[in-house]
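Each remark here refers to the structure printed beneath this line.
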Amino acid sequence: MQTPADPQDRHEYPSHWEADVVLRDGGTARIRPITVDDADRLVSFYEQVSDESKYYRFFAPYPRLSAKDVHRFTHHDFVDRVGLAATIGGEFIATVRYDRIGTDGMPASAPADEAEVAFLVQDAHQGRGVASALLEHIAAVARERGIRRFAAEVLPANSKMIKVFTDAGYTQQRSFEDGVVRLEFDLEPTARSVAVQRAREQRAEARSVRRLLAPGSVAVIGVGRAPGGVGRSVLGNLRDAGFTGRLHAVNQAFPDDLKEVDGVPAHRSVRDIEGPVDLAVVAVPAEHVPGVVTDCGEHGVQGLVVLASGYAESGQDGRARQRELVRHARTYGMRIIGPNAFGIINTADDVRLNASLAPEMPRPGRIGLFAQSGAIGIALLSRLHRRGGGVTGTTGVSTFVSSGNRADVSGNDVIQYWYDDPDTDVVLMYLESIGNPRKFTRLARRTAAAKPLVVVQGAGSAPQGHAVRATRLPHATVSALLRQAGVIRVDTITELVDAGLLLARQPLPAGPRVAIVGNSESLGLLTYDRCLAEGLRPARPLDLTTGATAADFHRALAGALADDSCDAVVVTAIPTIGEGTVGDAELAEALRSAAEGVSGKPVLVVHVELGGLAEALSAAGRTAPQASAPLERGDLQRPAERPPTGENTADRTLPTTPHPCSRLIPAYPAAERAVRALAEAVKYAQWRREAAEPGKVPEYEDIDEKGTAELIGALLERGEGLTLGVEETCALLGGYGIDVHRALPAPTPEAAAGAARDLGYPVALKATAPHLRHRADLGGVRLDLADEEQLRRAYAELTELFGPREELRPVVQRMAPRGVDTVVRAVIDPAAGAVLSFGLAGAASQLLGDMAHRLVPVTDRDATSLVRSIRTAPLLFGWRGSTPVDTPALEELLLRVSRLVDDHPEVVAVTLEPVVVARHGLSVLGATVRLAPPPARDDLGPRTLPAY
């Protein structure tokens, strides 16, 4: 049924309301406005809704929609009447609409700010969180159109819909009249509504990743008939890993009579497979992928791992191909890892999934591993797998994701999964770029409060093919913000593995105090020096001499661990030669048993050219079955792995009984690597303790939020981007209790003298020309001018040195008490949000980049740490006998600036420079403020997947 379109109903289509969302069960749906072209879809949708659901929607039997109903429900002005639909495969699965009403409950237009809202969800899709997602989106649309309140009438028996409204977290009122429950709720986001939305986001995105990592059945599409090739390799990797589900090989070129490939059922199309397919690994050329996606979508496949290249990494045509791939897959509710992916791995015993190009399954363990790059993914797996010649202390991988171009599933999604994954204790991530820094820092902060998150961050740009805002922040600033969120930020893959192995199997240190014991005085002193360099507090090394026995090591380690003045122990070991020297296995057992005697303190080993010790340490603490022989030389394979060609399986020995409750001791080939890993663990443990009490954003009674908002509104009427003048800047900052010392223009000596009389002596005379501004070192500033004679003399000197006064732009300013010159900045970044920065003015910040950064809003704890985070902070606290300055006043200024930009996102940039912090109080001598319409806050809007 198609109804004619009324011209007056055709308003501009709001395409920005379109969005893809992840539903409660991990599937996806598309939300979009309903248009006049949707009449047939609406009728088909309604016919699939049960009579009971229709009754709940219309409060009476309503078997079919009339032509008038169809016209009403498809013709919207997108202002006072709006309808949204959730679709899968292009067909409606749910609808929602609002109609603006006046105080009398009748249809109305603006300025009426209330609307009635109603939902209808197809019975087959109820319980998937569709209505909750639609409510988030229709509420955002309503707020955009000036609607501040929703009203809904629901039958008491419709408990599911009542729960949708009551669980949303909005401030609401409920009444009961004439057998109908009436719910009214404000649409302004509340702390509870945001928390509910983010909890739903986490559950949905985690389940969408879980469906990919724990499938019940897998189809590999593109399996060659002859050995070799990507598809055939992945099929072999899945089979050899012992995948516990059903496995299928697919290739449209298979002969009709081919039933199996390598013992796996063969099919010409995924549509030919009997029963469900949860995951498809797509290993066909890019030009054949669209047909494969269609087949998978029609068969009900839940997710895809696309190994094919030729997408965004290959140029403009590839980017268009990638965007179409994502749109196509999402049409069917499927999520994608890739394209250009290396694959995914899950080592859990009940899954054993190796849907990747890695020829061997990694050891099972407690580390979650994410890498955008396939090459880096291979390197990480190899280092974690390798026993000798590098970082050791064996632990393994719980799950591994190499996302390639990460067109759909990204690091954010995988963090959501790992956050509450009981099989993952530590998360290691290699990120070439961060597409959504604001969301990543939010997720990282929550995850880091539960388990360590170690990140190597490349300096790449936003993901190719993604429609995301690019951050304007320097790489160093983003790194600082990640650290603020609890991320253990390291620089290399080696450091990533070093830190991960320590955190995976050792407790967090309670503090920075380190004991050092070992059989080499030189190695002990080297370790001591590295501890000092990393900011740790080492005790003098205990030298056991080269004749130390395993028992000596045991006693020394046990004693150090029992010492209340020690938070961690580094054991240094070098090989010895001669009779009675300690063996690797014997020493490893001694260290293991001593470490198990005292829990709660981490133990690390630094070994030099002592390869067997690393393997022995690993074996001594291993909880999985192993061969007994490799205690001295190690074994790169688990018993379940197939031996390489030529290996004699008769050489394998029976597994030994593992030590109960044993913990692995990581070993490092260099002191600097061990100490760096320990230092990161110390800083992370401190962050965890502080995160438990995050501080608060203080209230200041003298802040005039309303008056400042009115001033900003009046100023923005002049234009979209505006740098304020001096008087306007002082007025705006004054509304938040920030007093700026006025600088009066002095175009002539007489004007300078008049300004000085108004301000009162002593005064300062400054040249404000761009090349001299904030450059006291160039001589463009004269201080402590006590009278008019000194002022006129200084004026003449400046004009003689630097040229005409028209170019100098001199100003006169009241003298401030002497102190330390600092700079405070705040900026609104379109991707990361509002960022507050602090440093010392001049060379420290401009030349050396010594600035510290925090995300807004800043708490009192954040402000305290911000002041102390810069390298030159000792200058504020009495360095070398200087007078300490008033850091509490400085912290209050930082908090006031944070409140300003948080309360008024139109304030897109603030710079206070210099801020002279004296022994008592501070003086803001210069300030600039820029206003503009704020960038959209996608973190406060409804849940959406990245747009294409």
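Each residue of the sequence shown is one higher than the one before, counting from 289 in my numbering. Even for Gly, the Cβ is constructed at its ideal location relative to N, Cα and C.
Taking the CB atoms as reference points, tell me whether residue i and residue j lie closer together than 9 Å.
i, j, result
"Arg360", "Tyr334", "no"
"Ile633", "Cys584", "no"
"Gly699", "Ile722", "yes"
"Thr1056", "Tyr1024", "no"
"Pro1098", "Ala1040", "yes"
"Glu548", "Ala541", "no"
"Pro647", "Gly692", "no"
"Ala421", "Ile376", "no"
"Leu784", "Leu716", "yes"
"Thr729", "Ala695", "no"
"Val639", "Ala838", "no"
"Tyr718", "Ala659", "yes"
"Leu672", "Thr683", "yes"
"Leu1188", "Leu1021", "yes"
"Ser557", "Leu535", "no"
"Arg312", "Gly417", "yes"
"Glu379", "Ser332", "yes"
"Gln745", "Leu761", "no"
"Arg437", "Glu472", "yes"
Which residues bound the beta strand (DSSP E) around residue i?
i, result
"Asp1117", "Val1108 to Asp1117"
"Tyr1239", "Only positions 289 to 1236 of the chain appear in this structure, which leaves residue 1239 out of reach."
"Gly788", "That residue, Gly788, is in no beta strand (DSSP E); its alpha helix (DSSP H) goes Ile781 to Arg793."
"Gln1101", "Pro1098 to Arg1102"
"Asp308", "Ala307 to Val310"
"Asp1072", "Val1069 to Leu1073"
"Pro1202", "Val1195 to Val1205"
"Arg437", "Arg437 to Val442"
"Ala1055", "Val1051 to Ala1055"
"Val242", "No information on residue 242 is available, as it lies outside the stretch 289 to 1236 that the chain covers here."
With residue i as the anchor, note down where its alpha helix (DSSP H) starts and where it stops.
i, result
"Arg1187", "Thr1175 to Asp1191"
"His1158", "The sequence shown places Ile at residue 1158, rather than the His named in the question. Note, Ile1158: premise wrong, no alpha helix (DSSP H); not H, not E."
"Glu1038", "Pro1037 to Leu1047"
"Ile1000", "Glu993 to Leu1004"
"Leu1237", "Because the chain is modelled from 289 through 1236, residue 1237 falls outside the range shown and cannot be assessed."
"Pro321", "Here Pro321 belongs to no alpha helix (DSSP H); instead the beta strand (DSSP E) covers Thr316 to Pro321."
"Val963", "Ala959 to Ala979"
"Arg1080", "Glu1076 to Phe1090"
"Thr582", "Val577 to His587"
"Lys342", "Asp339 to Phe346"
"Ala1129", "First-last for Ala1129: undefined, no H or E at that position."
"Val331", "Ala327 to Glu335"
"Ala1019", "Val1014 to Gly1022"
"Tyr527", "One detail in the question is off: residue 527 reads as Arg in this sequence, not Tyr. Unbroken alpha helix (DSSP H) run through Arg527: Val518 to Ala529."
Residue i and residue j look like a contact to me (Cβ under 8 Å); what is the Cβ gap, rounded to whole Å?
i, j, result
"Arg818", "Ala667", "25 Å between Cβ atoms; not a contact."
"Tyr386", "Val405", "5 Å"
"Asp831", "Gly812", "6 Å"
Step through the CB atoms of chain B and report whether any lies within less than 9 Å of the CB of residue i.
i, result
"Asp545", "Reference to chain B is not applicable here, since this structure consists of a single protein chain."
Let me check you understand the geometry: is the CB of residue i closer than 8 Å to at least one non-hydrogen atom of the ligand GTP?
i, result
"Val1155", "Of the ligands one can find in the structure shown there are none, so the ligand GTP has no counterpart to examine."
request  = Assess, as a yes-or-no matter, whether the region 798-815 is touched by the region 843-862 under the definition of 3 or more beta carbon pairs within less than 8 Å.
outcome  = yes
request  = Identify every run of the alpha helix (DSSP H) within the region 606-675, keeping only runs that are complete inside it and at least 4 residues long; order them along the chain.
outcome  = 662-673
message = Taking contact to mean 3 or more Cβ pairs, one atom from each stretch, closer than 8 Å, check whether the region 771-780 and the region 879-892 are in contact.
response = no
query = Of all the alpha helix (DSSP H) runs that stay within the bounds of the region 446-516, which reach a length of 4 or more residues?
reply = 447-454 and 479-501
query = What are the complete beta strand (DSSP E) segments, minimum 3 residues, inside the region 709-747?
reply = 714-719 and 741-745
query = Curious, which full-length beta strand (DSSP E) runs of at least 3 residues does the region 358-433 contain?
reply = 369-376, 379-389 and 402-409
query = How about the region 585-601 and the region 616-636: do they share at least three Cβ pairs that are nearer than 8 Å?
reply = yes
inquiry  = Assess contact between the region 514-521 and the region 336-347, defined as three or more Cβ pairs (one per stretch) separated by less than 8 Å. Is contact present?
reply    = no
query = Using 8 Å as the Cβ pair cut-off and three pairs as the minimum, do the region 647-658 and the region 591-608 touch?
reply = no
key: Touching by the beta-carbon criterion (3+ pairs, under 8 Å), the region 1195-1215 and the region 1102-1118   = yes
task = Indicate whether the contact test is met: 3 or more Cβ pairs, each with one atom in the region 523-531 and one in the region 455-471, closer than 8 Å.
result = no
task = Let me know the alpha helix (DSSP H) ranges lying completely inside the region 797-843, each 4 residues or longer, listed in chain order.
result = 809-821
ask   = On the three-pair Cβ rule with 8 Å, is the region 1077-1097 touching the region 1043-1055?
value = yes
ask   = Contact between the region 1027-1047 and the region 992-1006: three or more CB pairs below 8 Å?
value = no
query = Does the region 435-448 come close enough to the region 493-500 to have 3 or more Cβ pairs within less than 8 Å?
reply = no
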